Amino acid sequence: MMRWRIGDVTVTKIVELEVTGGSRFILPQATRDAVLPIAWLRPHFADDEGRLKMSVHALAVETTHRRLIVDTCIGNDKQQRAIPGWNGLRTSFLADLAAAGYPRETIDTVLCTHLHVDHVGWNTMLIGGKWVPTFPRARYLMGQAEFEHWRGQRDNTGQVAVFADSVAPVFDAGLVDLVATDHPIDDELSLVPTLGHTPGHVSLRIASRGQEALITGDFIHHPCQMARLDWSSAADHDAAAAARTRREMFARLAGTPTLVIGTHFAGATAGRIVRDGDAYRLVV
Ligand SMILES: [Zn+2]
Numbered sequence: 000m001m002r003w004r005i006g007d008v009t010v011t012k013i014v015e016l017e018v019t020g021g022s023r024f025i026l027p028q029a030t031r032d033a034v035l036p037i038a039w040l041r042p043h044f045a046d047d048e049g050r051l052k053m054s055v056h057a058l059a060v061e062t063t064h065r066r067l068i069v070d071t072c073i074g075n076d077k078q079q080r081a082i083p084g085w086n087g088l089r090t091s092f093l094a095d096l097a098a099a100g101y102p103r104e105t106i107d108t109v110l111c112t113h114l115h116v117d118h119v120g121w122n123t124m125l126i127g128g129k130w131v132p133t134f135p136r137a138r139y140l141m142g143q144a145e146f147e148h149w150r151g152q153r154d155n156t157g158q159v160a161v162f163a164d165s166v167a168p169v170f171d172a173g174l175v176d177l178v179a180t181d182h183p184i185d186d187e188l189s190l191v192p193t194l195g196h197t198p199g200h201v202s203l204r205i206a207s208r209g210q211e212a213l214i215t216g217d218f219i220h221h222p223c224q225m226a227r228l229d230w231s232s233a234a235d236h237d238a239a240a241a242a243r244t245r246r247e248m249f250a251r252l253a254g255t256p257t258l259v260i261g262t263h264f265a266g267a268t269a270g271r272i273v274r275d276g277d278a279y280r281l282v283v
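Counting from 0, one number per residue, gives the positions in the sequence shown under numbering that gives the first Met the number 0.
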């Protein structure tokens with residue numbers, strides 16, 4: 000189990016899925032030949048053949064004031080997912096969460112950095128044929144702009160089903176707080192707008208006793224995007240805005256002691272950003 004300490008705050012990684020390769024659908028420019036020259040990606044973030052390693056995990060954040068989960072992965076029993084392997088999952092995620100010290104009833108806050116399929120799944124669980132809130136005592140924080148965007152969607156990419164089974168039930172149960180993209184949660188946690196991947200995307204800033212961390216969400220999917228600033232995710236809603244956000248965030252973070260904890264980073268998962276020629280590198 001991976002755990003980090005930022006002042007009085009602890010962050011624990013709860014893994015749902017890890018994959019090596021098969022990530023071209025999300026980062027089409029990251030071919031094996033293009034990844035191999037970026038030597039620092041190995042061994043944590045790529046293998047010796049240039050295949051990217053990625054992870055779907057939640058981050059449990061325990062502070063002086065609250066027990067929060069950032070992004071709730073894909074979830075069990077979901078259907079109509081665009082990625083076939085994400086249908087009907089039966090993972091031990093909830094048991095793993097409890098074993099790490101976070102039984103679901105003890106979670107008081109859930110943050111969805113955005114409302115994509117792999118960030119909202121465990122918002123709900125299937126009980127007696129109905130989707131019910133997994134974290135019944137939690138307030139679920141979602142960006143107002145993000146929520147309005149997805150509520151209005153009528154496309155057939157699978158996001159309509161995602162909203163219906165993983166977002167609407169917690170909203171209808173009165174558990175959702177729609178917040179601004181720069182919402183200050185408390186004196187240790189605050190949202191940072193990181194728009195582009197989706198219209199209301201946020202990251203989470205942690206600050207405690209002079210130490211800082213940033214949980215990325217999907218403004219960056221993989222550390223290779225630090226080395227190749229033009230490698231955009233195929234899932235970016237606004238590719239130009241997403242690229243601008245990455246450049247701004249890397250420039251802001253580079254050379255600082257801020258611990259950057261990646262939402263899809265495999266292996267070490269967290270590190271510090273440093274400048275590397277015209278681009279950046281993650282030091283783990
Ligand atoms: Zn994602």
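All C-beta atoms in this analysis are idealised placements derived from N, C-alpha and C, irrespective of residue type, glycine included.
Just so we're clear, the structure is a prediction, and the values are computed from it rather than from any experiment.
Legend entry - Whether Leu194 touches His182 by CB criterion (8 angstroms): Taking the sequence shown and counting its residues from 1, the one referred to as residue 194 is at position 195. Taking the sequence shown and counting its residues from 1, the one referred to as residue 182 is at position 183. No; because the gap between Cβ atoms is not below 8 angstroms, this pair is not in contact.
Legend entry - Under the three-state DSSP convention, the category His148 falls into: In the sequence shown, counting from the first residue as 1, residue 148 sits at position 149. In this structure, His148 counts as helix in the three-state DSSP scheme.
Inset, instruction - Run the proximity test for Asp235: is its beta-carbon closer than 7 angstroms to any non-hydrogen atom belonging to ligand 1? - result: Within the sequence shown, the letter at position 236 stands for residue 235. No; taking the cut-off as 7 angstroms, the Cβ of Asp235 has no heavy atom of ligand 1 nearer than that.
Inset, instruction - Can you give me the start and stop residues for the alpha helix (DSSP H) that Asp32 sits inside? - result: Counting from one through the sequence shown, the residue named residue 32 turns up at place 33. Its alpha helix (DSSP H) spans residues Arg31 to Val34.
Legend entry - Cut-off 7 angstroms between Cβ atoms - residues of its own chain near Ala265, not counting five sequence neighbours on either side: Translated into positions along the sequence shown, residue 265 becomes position 266. The residues are Glu17, His43, Phe44, Lys52, Met53 and Ser54.
Inset, instruction - Measure the alpha-carbon distance for Ile106 versus Thr63 and round it to whole angstroms. - result: Along the sequence shown, read from residue 1 onward, the residue named residue 106 stands at position 107. Along the sequence shown, read from residue 1 onward, the residue named residue 63 stands at position 64. Each residue's alpha carbon lies about 14 angstroms from the other.
Inset, instruction - May I ask whether a heavy atom of ligand 1 can be found less than 7 angstroms away from the beta carbon of Asp217? - result: Within the sequence shown, numbered from 1, the residue matching residue 217 stands at position 218. Asp217: yes, Cβ under 7 angstroms from ligand 1.
Legend entry - Of the listed residues Tyr101, His115 and Leu258, nearest to Phe134 (C-alpha basis): Here residue 134 is taken as the residue at index 135 of the sequence shown, counted from 1. The option with the nearest alpha carbon to Phe134 is Tyr101.
Legend entry - Inter-residue Cα distance where the pair is Trp130 and Thr123: As a first step, residue 130 must be located in the sequence shown, where it is residue number 131. As a first step, residue 123 must be located in the sequence shown, where it is residue number 124. Looking at the two C-alpha atoms, the distance is approximately 6 angstroms.
Inset, instruction - For Val34, I'd like the list of residues in its chain whose CB is within less than 7 angstroms of its CB, leaving aside the five on either flank, ordered along the chain. - result: Here residue 34 refers to the residue found at position 35 of the sequence shown. These residues qualify, in order along the chain: Leu40, Ala45, Gly49, Leu51 and Cys223.
Legend entry - 8 angstroms contact criterion, which Asp76 and Gly87 should meet: CB distance rounded: Indexing the sequence shown from 1 puts residue 76 at position 77. Indexing the sequence shown from 1 puts residue 87 at position 88. Confirmed, about 6 angstroms.
Inset, instruction - Going by CA-CA distance only, name the one from Val175, Leu258 and Asp47 that's closest to Pro36. - result: The residue labelled residue 36 in the question sits at position 37 within the sequence shown. Out of Val175, Leu258 and Asp47, Asp47 has the C-alpha closest to the C-alpha of Pro36.
Inset, instruction - Alpha carbon to alpha carbon, how far is His196 from Asp237? Give it in angstroms, no decimals. - result: Start at 1 with the first residue of the sequence shown, and residue 237 comes out as number 238. Start at 1 with the first residue of the sequence shown, and residue 196 comes out as number 197. Cα to Cα, Asp237 sits roughly 6 angstroms from His196.
Inset, instruction - Determine the burial state of Arg136: buried for a count of at least 16 other Cβ atoms within 10 Å of its Cβ, exposed for fewer. - result: The sequence position of residue 136 within the sequence shown is 137, counting from 1. Answer is exposed; the Cβ neighbour count stays below 16.
Inset, instruction - With a floor of 4 residues, list each alpha helix (DSSP H) that falls wholly inside the region 221-270, ordered by position along the chain. - result: 223-226 and 238-252
Legend entry - Sub-8 angstroms separation of Met1 and Thr268 beta-carbons: Taking the first residue of the sequence shown as 1, we reach residue 1 at position 2. Taking the first residue of the sequence shown as 1, we reach residue 268 at position 269. Yes.
Inset, instruction - Determine the direct distance from the alpha carbon of Ala81 to that of Gly157, and round the result to whole angstroms. - result: On the sequence shown, position 158 is the one that residue 157 refers to. On the sequence shown, position 82 is the one that residue 81 refers to. The alpha-carbon atoms of Gly157 and Ala81 are separated by roughly 6 angstroms.
Legend entry - Start-end ranges of the beta strand (DSSP E) lying completely within the region 41-75, minimum 3 residues: 52-61 and 66-69
Inset, instruction - Mind the definition here: the region 216-236 touches the region 23-30 only if three or more C-beta pairs lie below 8 angstroms; say whether that holds. - result: yes
Inset, instruction - Return the Cβ separation of Phe218 and Thr244 in integer angstroms, given the expectation that the two are a contact with Cβ distance under 8 angstroms. - result: The residue you call residue 218 lines up with position 219 of the sequence shown. The residue you call residue 244 lines up with position 245 of the sequence shown. Contact flag correct, Cβ pair sits at about 5 angstroms.
Legend entry - Status (buried if at least 16 other CB within 10 Å, exposed otherwise) for Pro83: What you label residue 83 is simply residue 84 of the sequence shown in a count that begins at 1. By the 10 Å Cβ count, Pro83 comes out exposed.
Inset, instruction - Flag Asp185 as yes when its Cβ comes closer than 7 angstroms to any non-hydrogen atom of ligand 1, and as no otherwise. - result: For the purposes of this step, residue 185 is taken as residue 186 along the sequence shown, with counting starting at 1. Flag unset: Cβ of Asp185 not near ligand 1.
Inset, instruction - Given a cut-off of 8 angstroms, decide if Ser202 and Ile184 are closer than it, judged by their beta-carbon atoms. - result: In the sequence shown, residue 184 corresponds to position 185, counting from 1. In the sequence shown, residue 202 corresponds to position 203, counting from 1. Not closer than 8 angstroms, so no.
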